[in-house]
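A.B. asks: Just so you know, we're using the numbering used here here: the sequence shown kicks off at 33 and counts up by one. What follows is a single structure, and I will ask about it in a moment.
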Amino acid sequence: MRTVLVAAGVSTLLALLGTPLAIKMFITRGYGQEIRADGPAGHATKRGTPTMGGTVIIIASLIGYFVGHFTTNDPPSASGLLVLMLMTGLGIVGFMDDFIKIYKQRSLGLRSGAKLGGQAVVGALFVLLVQRFRNGYDLSPADAHFSFLRDFGPSIGPVFFGLWVVFMIASMSNGVNLTDGLDGLATGAACQVLAAYVIIGIWQDRNDCTSFLAAQCYQVRDPLDCAIVAASVLGACVGFLWWNAPPARIFMGDTGSLALGGVLAGLAVVTRTQLLLPLLGGLFVIITLSVVIQVGSFKLTGRRVFKMAPLQHHFELLGWAETTIVIRFWLISGLFIGLGLVIFYVQWMSPG
């Protein structure tokens, strides 16, 4: 538990103090955000705001995680390192996308196929490794099963499991990316989901089958280290949100949004809560669905359901203030997370 607190504290402090340094450096180098020409009119004032702030989140998270372990003499685990590897790998894909936008002075970076390919490669590497590294209790970070609150059903085999996990990773990273359209929206929502995974990891550790053999126990390889990872990234996001809240002085860019989506998907895999993640990340799911509905409706009927997609821009065009949208969407995210945690706890109380 001390490791959780130290990791969160260090990453928060690093992000809080490091973000203004990154802002100055990015402004000096001209790393400013390009804005879509067809976006809401109010976004034109955001052109030139420093982007790629996700680098601060990634670096602060990694340092916080390792400092937490070093200061408490608690060795890192395979599960924690693999989730951080996934976060960093997707952050690199996002960094390439952001850099192309800056270099070519346009609002589009990597082509969609290239971005998806990068996500697939990083996700496939994660899948190959996450089923290895069995401990003394014969538990690996993940097995080839679907999971909701625990693994369930028969094995789906390594191939289908790999495809499923890569789909999860791509879906969640793109979902966070689509949500990152208003100041602080994606960062604040990600903070809430990460806080939920801190709670889930600690709860699973307190009811771990290796020390508490009962019907309610959890067969998770490294539950406490999952909580440490979530706390490290949560702290970094909180420190970054101080500068990213409306009006934002820096954007996380695809560097941050892809990385955050990856860490959420990775945590869902190693805590055996794959199908709980769409509920905890309900806001990301809704915003992604708004884009799917908009594109599908236009291709099939020639009509648009929303004034603009993703969904947050629809409400902007209806005249809602940006801060109103952000706060109300945070509230919606909180409701989804509250429901998810209630289901998680109720199932523990009623294992039958």
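Note that CB positions come from ideal geometry on N, CA and C, so glycine has one too.
1. Taking Gly155 as the reference, give the member of Leu171, Leu116, Asp183 with the closest Cα.
2. Please classify Ile319: is it buried, with 16 or more other beta-carbons within 10 angstroms of its beta-carbon, or exposed?
3. Out of Asp129, Gly168, Lys56, Gly86, state which residue places its alpha-carbon closest to the alpha-carbon of Ala110.
4. Check Asp106 in the structure and name its three-state DSSP category.
5. Using 8 Å as the Cβ pair cut-off and three pairs as the minimum, do the region 48-62 and the region 82-93 touch?
6. What's the C-alpha gap between Asp240 and Ile369?
7. Would you kindly work out how many angstroms separate the C-alpha atoms of Tyr97 and Leu332, rounded to a whole number?
8. For Arg387 versus Tyr250, is the C-beta distance shorter than 8 Å?
9. What alpha helix (DSSP H) runs, 4 residues minimum, are completely inside the region 253-315?
10. Can you check the region 170-238 for any alpha helix (DSSP H) of at least 4 residues that lies completely inside it and give the ranges in chain order?
11. If you reduce the DSSP assignment to three classes, tell me which class Pro342 lands in.
12. With distances taken between CB atoms, is the gap from Met119 to Val295 smaller than 8 Å?
13. Going by the beta-carbon positions, is the gap between Ser289 and Asp215 smaller than 8 Å?
14. With a threshold of 7 Å on Cβ separation, who are the neighbours of Val225 within its own chain once the five nearest residues in sequence on each side are excluded?
15. Distance, Cα to Cα, Leu349 vs Leu343?
16. Taking DSSP's pairing of strands, which residues face Tyr97 in a bridge?
17. Do you know offhand how far Gly233's Cα is from Thr219's?
18. Check whether the region 168-177 and the region 185-203 are in contact - that is, three or more C-beta pairs closer than 8 Å.
19. Using a 10 Å radius around the Cβ and a threshold of 16 neighbouring Cβ atoms, would you call Gly351 buried or exposed?
20. Less than 8 Å between the CB atoms is what I'm expecting for Phe158 and Gly366, so what's the real figure, rounded?
21. Tell me whether the beta-carbon of Pro278 lies closer than 8 Å to the beta-carbon of Thr355.
22. By a C-beta neighbour count over all protein chains shown, 10 Å radius and 16 as the cutoff for buried, is Ser382 buried or exposed?
23. Starting from the Cα of Gly293, find the closest Cα among Leu210, Phe338, Arg253 and give me that residue.
24. Below 6 Å CB to CB, which residues in the same chain sit around Ala221 once its five sequence neighbours on both sides are set aside?
25. Assign Asp170 to one of two classes, buried (16 or more other C-beta atoms within 10 Å of its C-beta) or exposed (fewer than that).
26. Considering Cα atoms alone, identify which of Phe180, Ala247, Thr83, Ile375 is closest to Asn276.
27. Per DSSP, Tyr22 forms a beta bridge with which residues?
28. Assign Gly372 to one of two classes, buried (16 or more other C-beta atoms within 10 Å of its C-beta) or exposed (fewer than that).
29. How far does the alpha helix (DSSP H) with Ala353 in it extend, from its first residue to its last?
30. Per DSSP, Asp240 forms a beta bridge with which residues?
31. Can you grab the Cα-Cα spacing for the pair Leu307 / Met200, in whole Å?
C.D. replies: Walking through what the data contain:
1. Put simply, of Leu171, Leu116, Asp183 the residue whose alpha carbon is nearest the alpha carbon of Gly155 is Leu116.
2. buried
3. Gly168
4. coil
5. yes
6. 23 Å
7. 48 Å
8. Because residue 387 is not part of the residues shown, which for the chain are 33 to 384, the question remains open.
9. 255-276, 285-302, 309-312
10. Counting whole runs of 4 or more residues, the region 170-238 contains the alpha helix (DSSP H) stretches 189-211, 217-238.
11. It is coil, neither helix nor strand.
12. yes
13. In this structure, Ser289 keeps its C-beta atom at 8 Å or more from the C-beta atom of Asp215.
14. Leu296, Leu312, Gly313, Ile369
15. 10 Å
16. According to DSSP, which records beta bridges pairwise, Tyr97 is partnered with nothing at all.
17. Roughly 21 Å separates the two Cα atoms.
18. Between the region 168-177 and the region 185-203 there are three or more C-beta pairs closer than 8 Å, enough to call the two in contact.
19. It is exposed - the Cβ of Gly351 has fewer than 16 other Cβ atoms within 10 Å.
20. Wrong, their Cβ atoms sit about 29 Å apart, outside the cutoff.
21. yes
22. exposed
23. Leu210
24. Leu315, Ser365
25. Exposed, because fewer than 16 other Cβ atoms sit within 10 Å of the Cβ of Asp170.
26. Thr83
27. This structure leaves residue 22 out entirely; the chain is present only between 33 and 384.
28. buried
29. Where Ala353 is concerned, there is no enclosing alpha helix (DSSP H), given that its DSSP letter is neither H nor E.
30. Tyr250
31. 10 Å
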